[in-house]
Every structure is written in structure tokens, then in C-alpha cells.
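Report on the structure given below.
Protein chains in written order, with the working numbering: chain A, 1 to 478; chain Y, 1001 to 1478.
Rendered as C-alpha cells:
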């Protein structure tokens, strides 16, 4: 029992979110630091969540005609710099390969910070005629952005895992539609599977993707009042097509320049899951992405041990629709095990002791509320389904009401600052000018525009009082 | 129809395997070159095969208690050099990151050529007691080895995709067992799914993995008489555990050094699938790993078009256990489509014309033999299952008999050279000495030991006439 002292968290979520987060990540064995500065190890407990996210989203992609492929990790410098806005945005964070063995390379190679440039080199060869369009390709891969800000597991690491979609369309309209279709698939994933409500909308000119015509974003709200960008879907227009000389022969026998999109979500979302759903006992994993749905903790006494374990196996075999673990370890007490599985966020615990066995029942315990119920074994399958549904809904509802509570409409600069200080999300009229946005960030000690709620010209900019271009969410962010 | 001329292959497999291979890779849209020298793009047609291989093997791994994780792409130089034999083997092929943005890094970072060193850094923290063992972790990732030999898509590229397993065990016996368990899982995958027979056995001291105690290998035989190493399973002994100071507290309350294994298979196997099964019409994908099992080619005439397409949809919907594609394109003739799907290796073609419709039947065509059969639609489901099984078996049987035919037992050096010249696999007694192996390679113009068939000391070495240590397969290799 030597481990017991260090098992639980020794800080409360509301007292110090940052320290709480670090402890959950470490103690629930989600991630570990490595000796590569800013890079982390995704341990099996978090990687299994990522695998579930991949399965769900990959199936959405395939149903909508997207196919997976894999492009090189390396981007030769001459390709990276082809689209001028793009390279400006990414060059400062590029990790460069300069040597192979003892040989200096003729041209240095960027490790992909995103793959538009290497992919469009191929697309220029593959896209010939209208028959080749739309081209809908996705890749799951690792990405490197050598940021110099303070790293935080999942939320900001120099290497991370993601998917990046890159599509080519014959018309602007089709490309616009793809941007929005992907946006709603992302929203579906985040709200209905990760149980995290998101604000969606266009980014400002200042915040859009380097090289895009416009960027649609999904923003989640963290308990410390900061927004987390959960995913983005970009309309690239013809910017890359022109830079990479992509053209196609239309049905009209003339050459046209196609329209493109790109979009991505990453392991960063795991950080949001931890922050949004976790509590003072540790992680809470939404059932729909939980690698283990329920853990059976048999209460073992010498006399009834074999019977109990046999029954536990029997129960597990009956619950075929779920991933069930039996914690058979004898070197830990039931109480210790309860705490450990709570820390690791498994949605349900099934306790099975000698008295339960007599009554043909188990005790079912919800991770999110702590609620305990005795359930007859023959009714367990149905009850588990219902309870997992309830947990999934409860997590989303709680997060949604927290988000709604924190959005405040503000009409003057003083209220804006007050809202930011109170860790809320002010929604305000804004002129859309980069200079004004810079000033807002500076004077509010870090608030940035998150996404545009609506185009409304009926008001005046919260900061400069000029005519507003839209109503928009601001907040500090990760 | 402009494409027609360039669609098919213009070289026969037996006339020029290398050129045939290049054409299949390009024309079946499996891979494409990129401007990163030695790196390639896995296009959707090959990536989908890789996804199927991943699904099959990942499920085998999970059933046997292995879990997936993800470790950093980068290995700081001081870690890479910790195990002395290991670094000797890999350093010449390492791609080095030296700069981030405009900043020179303090220590250069290797891009993983394999991950023993970065993983063992974590294991040294995670392994504390016998309770933590066995530790059975796998990762699916990209790997970079900057080889200077001539690259060939799938078979030799500077970046490739693979899985690498890294396990830690309390005893030598358990680690030995893991090495062999993985070897048989690999053999199962290759023979029963990829339909490629493999020779399995230990590598010589010269050919074993850098840092291993011994290496078990799986070797396939290509039509040009060269062997292709399909996978390896390494017993690392305590070499890395000692270098990385991994130890655990045993049940006996004493510290012990654990035993380790590592093992991998890669996208290289796709190259073997192409080479082993393909024919003069292109690729042939074994049904069990085929992304598309059958393609329905409707024979469209203006009069009956709608009816035919409706029936095609109906048939597709009935064949739910299979991935079925309907080729509805009107800008290509049926004949053109037949050739294209043959080139792409889809195991079955289903032809549906007006006369078939009248008779409630289709024409089912096997990709491997070209055999055509009219099949009543109501019997199609069953017939497809049977035919796919037959194709799967036929591909394996053909490859197996080709392999068996080419293994020749030789007893003297003259016959050995004759066998190598005739593109066969000589099996011979061998002393096991590195110097002798070097000499064999030199004098035979490139033949290397592939794997040990058996330990037999009853004979004399084929080359030096000293007492043999074992009987072993030799051949040229990729």
C-alpha cells in the first residue's frame, strides 16, 4: 500500500486549475514528459482515447467520401516558401533537418508544421481534369511546431498528433460547402462524443490561418476562463492552387484554377476533455470515447474469492457491447482500487461483494455524480446502457450551462475589461481592424478574438467606436 | 478515351520485374514520388491496404494484452548513443534536426530510426515493481532512416510507416516467449492475410539488430530471386535495461534487471504484395486485405441505363459483408473500366448488362485467374464468399509452391554459386563466422544469410569447410 499516499490528487480543481491539470495528467498516467524539450509521451491511457476519437471521426470522413493517404514528413525549403503568407506564419516555428549521418544536406528540410505545401506539390500532378474532382484526402500524422511558449501536455506541445484534410474542388461554392460540412462534423464530434460544447464562427483576418481566405473555428471554454481552439476548417480559395500551378480541364474544355480547403483537429482535444470534465477525484471520460466503460471491482474475501471472481467473469462476458475490465489484483484494497479507477476517469464502477452475490446483484457507481445503485444482474445490461447515456448527457449539459453562464454581452470598454477580469467571454461589437484587435489584446492583458458570432453592422466597435463589422467573442486563450 | 493508351502496363512482369514494379506502383496509383529525395507519397489505394493490415494486426496485439502509445519523434543525441552497439548500427543513417526557426539547438535531435532509446528513457521511470510487468507497449508511427542506397517505393524509402513493439519482462523465459509469440503472429498475418509464405528463423550474429541478443526474422521470396525481410522480432536481453538503468523490485523484495524485446513490421510489406501476387495486368490484392472486394461494372445502354443502375445499387446493398464499388462513370467504356480495375487489383468484377438483368444474373470475374461465371443474383452473396476464399487460397498456394521450388539444398561452393546465379535460395551448412559471411557475400556478388533453418553441426561450412554451426538460407536481398 506504499503507493496510496501519492495516488490521489492533493489539490482541488477550483483552487489551482493548472496544478490540478498537471497532477491529473501525471497520476492518471495520461502523458509523461520526455527529455525532448516541449515534447511528451502519450501513455496508453490517453492514446486509447485518441484511438476512439480517430475511429469516430475517420468513419465520418469515409462516409462522406474522404480517403486517407500519407505524405512525407519533410518539406524541402523551396516548397515551404511557395505561398508567401503561409511561410510567414509558419517559418518561425519550423524544425529544420540539415544533416543525414555525417553529410550536410544540399537543401534543408522542414519537418511539417502542416502539409499544404508538400501535398499541393502532388495535387499539381494528380489534378488534370474535372473527372479528378473533388479530390478529398485526409491524413493522420504527427506535426511539429517549435513554439517557444511554455509547453503544457496536450494543450501546447512541440510535436502533436492530428488529422489534416486537404481537398480540391471545381467551384468556390463546393469548397465553401466543404468548409462548412467539416465544421459541422467537428461540432458533432466535440459536442456529441467528447461532450464539449463549442462556439463556432469565422476567425478575424488577424487570427485566420496563414494562407487562407477565411478560417472557421471551434472554440471551447475552459474552467479558468480561457478559450481553447479545438479545431479549424479553412477556405484556401485559389491561393495555394495559384502558387503550386494546379489547374484542371473543365467540361467546357478550358483550363480552370480549382478551389481548396484544409482542416484539422488534434490530440489537443484530450486536454479539453481533462479540463472540462475532470473533478477533484481526477479524470472523467465521456462514455462514448471511454476506452473502458466499466470496471468490476470484486470484493475479495478468502472464503468467497473464487465464487466472486467466477461471477465477475460471467458478468463481463454478458456485457459484450461494452469494454469491461475486472480488477483482480489482490495486493490492493477495494478502496484503493475505487480511488484509482476514479482518478483514471472510468465512467462506471461495478462493485461485487459476497452479499451482492447472495442477492444476485451488484452495486453500480457513477463516476460523474458518485450515485450508487444496487442493480439485479439480469437487468445490468440495460441499466448500464441507460446510465452511460445519462453520464454522457450530464457531462455535456453541465459544460453547456457553464459556457452559457459565462458569455456576457458587453457594450462598453469598461464592461469588456470587467468581463475578461472575471474570466468570462465578452461578446461585443468589433470593427474588425487588425490594429484595433492588437490594442484590445494589449490593454486587456491578453484577450484575443475567438470567433465571429454574426455579421452585424448596427453597432459601434467596443474599443475604437468606429462602425462595427460584426459581433464577436473575445477571451484569453490557450 | 485519351487516357487509354497509357492506362495499361507496357512491360511484362517476367521480362523486366523492376520496370514492371515501377509501372504498377505508378499506374495503379499506389505511390508517388515527392521532391524529398527518397521519400514517397502513399496514395489512397495503398494507404487503404495499410489500414487493413493495421486493423488486423492491431486486433491481434490487443487480444494478447498489448497497448498502444506514442513516443516523441525526436531522440536527443545523448540518449541515442547510450547503447553502444545500437548507435553504431543506426548513426550513419540518422537525419539530424539542428535548428528551430532561426535558433540553433543546444543539442541536436535525431529523428527516430527506431525508438528503443527514447522509449527506454520512459520505461526507466515507469518500471518500479513486479506489478508493472510485463509492460507490453506498441506504437504505430513514421520512421526515418536516411539510407544512401537506391530508393524503391515501399521497399526502400527514407521515411516509412511501421509498428514497433517494446516490451519489458521479469524473466528471460518470458521475453523469449514474447519474441516467439510475436513471430507467429507476424507469420499468421503474412501467410493467412497477405497470402505471402515466409521463411522464419534466427539471424546470424552479423545480421542481427544492433543492440539485440538475437533477432528472429521473416523472409519472403520475390520473383527476381531476392529475399525481402518482412519483419523482425528481437530479444534485447538486458542490454538496453542496463544502459538505461531499468530495474524492478521483485516479489522477493530485491532489485532485478528486466528482459526486453522489440519487434516491427512496416509498409514495406505492401511492396511484397505487389511483387509476389501481381501479373501482367497489374496488381492483385489478396481478398482479406482488399479495400474493395468487388467492383460492379454496369454495361450501360441508353435504353436500359436506369434499370441497370438501380439493380446495381440493389446488389450492392445486399452484399453488406463486402466492400463493393459501383463504377457508374459514363465517360469510360466497360472495357476501359475492366482494365482499370484489373490494374488496381480488385479481387472480383461483377458485370451487369441488359441480358444479365433479364436472366436475373451477373457475370462474376476472378482477378487472379480471369475465370468468368454467370451467377444468379440470389446466389451471389454465397458465391462471392466462396470465390474470395478461393482467390485467397490460390494466391498463397501459388506463392508457396514458387518458394518451395526455389529452395535448393547445396553441399559445395560451386553449387551454391550456381543456385545464386539461377536466382534460387541455396540452403547450406555454415560456420556462422562473420568473416566467412563477408567472404560469401563478396564472392557470390551479394548473397547474404537470410535466416537459420536449424542448428545442425553434422556438416561442414559451404565456404570455409570448418565445422558448421547451422543450416541456413542464403540469397540476394532487397
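Where a beta carbon is used, it is the ideal one built from N, C-alpha and C, also for glycine.
Remember, it's a predicted structure, so these values are computed and weren't measured experimentally.
With 8 Å set as the bound, which would you pick, yes or no: does the beta-carbon of residue i sit closer than that to a beta-carbon of chain A?
i                       : result
residue 1032 of chain Y : yes
residue 1036 of chain Y : yes
residue 1115 of chain Y : no
residue 1067 of chain Y : yes
residue 1142 of chain Y : yes
residue 1463 of chain Y : no
residue 1133 of chain Y : no
residue 1125 of chain Y : yes
residue 1415 of chain Y : no
With 8 Å set as the bound, which would you pick, yes or no: does the beta-carbon of residue i sit closer than that to a beta-carbon of chain Y?
i                      : result
residue 5 of chain A   : With a pLDDT of 46 at residue 5 of chain A, under the threshold of 50, the predicted position of this residue should be treated as unreliable, though the coordinate-derived value follows. Residue 5 of chain A does not count as touching chain Y.
residue 146 of chain A : yes
residue 354 of chain A : no
residue 469 of chain A : no
residue 263 of chain A : no
residue 64 of chain A  : no
residue 215 of chain A : no
residue 170 of chain A : no
residue 44 of chain A  : yes
residue 93 of chain A  : yes
residue 109 of chain A : yes
residue 313 of chain A : no
residue 331 of chain A : yes
residue 253 of chain A : no
Which residues does DSSP list as the beta-bridge partners of residue i?
i                       : result
residue 404 of chain A  : Note: residue 404 of chain A sits in no beta bridge, so no partner.
residue 1235 of chain Y : Y:1214, Y:1261
residue 85 of chain A   : None; residue 85 of chain A has no bridge partner.
residue 436 of chain A  : Bridge partners of residue 436 of chain A: none, in fact.
residue 1042 of chain Y : A:70, Y:1031
residue 1361 of chain Y : Y:1376
residue 1351 of chain Y : Y:1297, Y:1363
Tell me, to the nearest whole angstrom, how far the beta carbon of residue i is from that of residue j; I am working on the premise that it is less than 8 Å.
i                       : j                       : result
residue 76 of chain A   : residue 107 of chain A  : 5 Å
residue 1384 of chain Y : residue 1368 of chain Y : Contact doesn't hold; Cβ gap of about 14 Å is too wide.
residue 1197 of chain Y : residue 1275 of chain Y : Actually they do not touch by this definition, with Cβ atoms about 13 Å apart.
residue 53 of chain A   : residue 285 of chain A  : 11 Å between Cβ atoms; not a contact.
residue 263 of chain A  : residue 238 of chain A  : No, residue 263 of chain A and residue 238 of chain A are not in contact; Cβ-Cβ is about 17 Å, not under 8 Å.
residue 113 of chain A  : residue 148 of chain A  : Incorrect: roughly 14 Å between the Cβ atoms, too far for contact.
residue 1020 of chain Y : residue 1027 of chain Y : Contact doesn't hold; Cβ gap of about 10 Å is too wide.
For residue i, return the contacting residues in chain A, with the cut-off set at a CB-CB distance below 7 Å.
i                       : result
residue 1245 of chain Y : Those within 7 Å of residue 1245 of chain Y in chain A number zero; the least Cβ separation is about 14 Å.
residue 1079 of chain Y : 35
residue 1118 of chain Y : 34
residue 1051 of chain Y : 68
Taking DSSP as the reference, what is the three-state secondary structure of residue i?
i                       : result
residue 70 of chain A   : strand
residue 447 of chain A  : coil
residue 1037 of chain Y : coil
residue 105 of chain A  : strand
residue 173 of chain A  : helix
residue 17 of chain A   : helix
residue 1461 of chain Y : coil
residue 1113 of chain Y : coil
residue 1270 of chain Y : helix
residue 1321 of chain Y : coil
residue 198 of chain A  : coil
residue 1097 of chain Y : strand
residue 284 of chain A  : coil
List, in order along the chain, the chain A residues whose C-beta lies closer than 9 Å to that of residue i?
i                       : result
residue 1274 of chain Y : In chain order: nothing, as chain A lies at least about 17 Å away.
residue 1047 of chain Y : 67, 68, 69, 70, 139
Determine the chain A residues that contact residue i at a beta-carbon separation under 8 Å, and present them in chain order.
i                       : result
residue 1167 of chain Y : Those do not exist, as residue 1167 of chain Y stays about 13 Å from chain A at its closest Cβ, beyond 8 Å.
residue 1076 of chain Y : 35, 36
residue 1122 of chain Y : 32, 34, 41
Run down chain Y in chain order and give the residues with a C-beta less than 8 Å from the C-beta of residue i.
i                     : result
residue 72 of chain A : 1034, 1036, 1039, 1040, 1041, 1159
Which chain Y residues sit within Cβ distance under 9 Å of residue i?
i                      : result
residue 96 of chain A  : 1097, 1098, 1099, 1100, 1101
residue 320 of chain A : Those within 9 Å of residue 320 of chain A in chain Y number zero; the least Cβ separation is about 15 Å.
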